Each structure stands twice: as C-alpha cells, then as structure tokens.
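Undergrad: Could you have a look at this structure, given as structure tokens, before my questions?
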Amino acid sequence: MGHVVVDAELAGARRARVRVLVNTGATYSVLPADLAKRLRITEAPRRLKVRLADGGRKSMRVGTVFVRLLGREAVDTALIGPPGIDPLLGVEALEALGLAVDPRSRKLKP
C-alpha cells in the first residue's frame, strides 16, 4: 500500500488548510511545532509518554486540534513534534471522523 495524503482543515485558535499524511500505524496525530504554533494549539500542561515505531519511548508535548476532512469534523489529540516534520493524521482521528483507508484506491472512505 502506498502513502495516503489528504488536504484537511486543522484548527486551534486559528485555522489552516494542510496536507497531512494518513498514518494507520500511529495512534495519535502528530503536528510539527511550527504548525502548532501557527494554529495556536493550546498545549496540555503535562506531556504524554508514547512508544515510537522503533520501540523507543519519548515524552512529547500534546494539544487538542480540530480536524475537518471530507465534510466531517472531529476533535483530535495531537502530539507536538519537531519543527518541519510532515503532519500526520493518526488512527484516533480517523475513527473520530468515521473514516478508513481504502488500500486499493489509496483514499479515505466512510
């Protein structure tokens, strides 16, 4: 299966249209710090300990982001990653939006 990239509207105190990589292997969405700052995402007072794909563990900043995609809206928990990384849309966001990846078409489907 190839990559699935979609245009989504993300919002904190500000909104922006953003290309995000759909990552069905990630529980949480991940936003680069520069995008989180631009959207004015309010961060939680405590960090979240997460397990990375390589098996390592990391304490990461976390915030709440509003996601609008394919006419659907949801509130999502997003990890705040280093500046400049690609934004990722995780499984929790997909479930909240009622969407799934169609591996043949490489598109999101209800």
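For the sequence shown, the positions run 30 to 139 when the working numbering is used.
Even glycine gets a Cβ: it sits at the ideal position worked out from N, Cα and C.
Please read all numbers here as calculations on a predicted model, not as lab measurements.
Let me confirm a value: residue 116 is counted as buried when at least 16 other C-beta atoms fall within 10 Å, else exposed. Which label applies?
TA: Result: buried.
Undergrad: Kindly provide the ranges of any beta strand (DSSP E) runs that are 3 or more residues long and lie completely inside the region 31-95, ordered along the chain.
TA: Listed in chain order, they are 33-40, 44-51, 58-61, 77-80.
Undergrad: In the DSSP output, what is residue 110 paired with across the bridge?
TA: DSSP lists 61 as partners of residue 110.
Undergrad: I need the DSSP call for residue 123, collapsed to helix, strand or coil.
TA: Helix at residue 123.
Undergrad: Take residue 104 and list the residues in its own chain whose beta-carbon comes closer than 8 Å to its own, dropping the five residues that flank it on each side.
TA: Cβ within range, chain order: 93, 94, 95, 96, 125.
Undergrad: Nearest to residue 154 by CA position, among 132, 47, 52, is which residue?
TA: Missing from the structure shown is residue 154; the chain here goes from 30 to 139 and no further.
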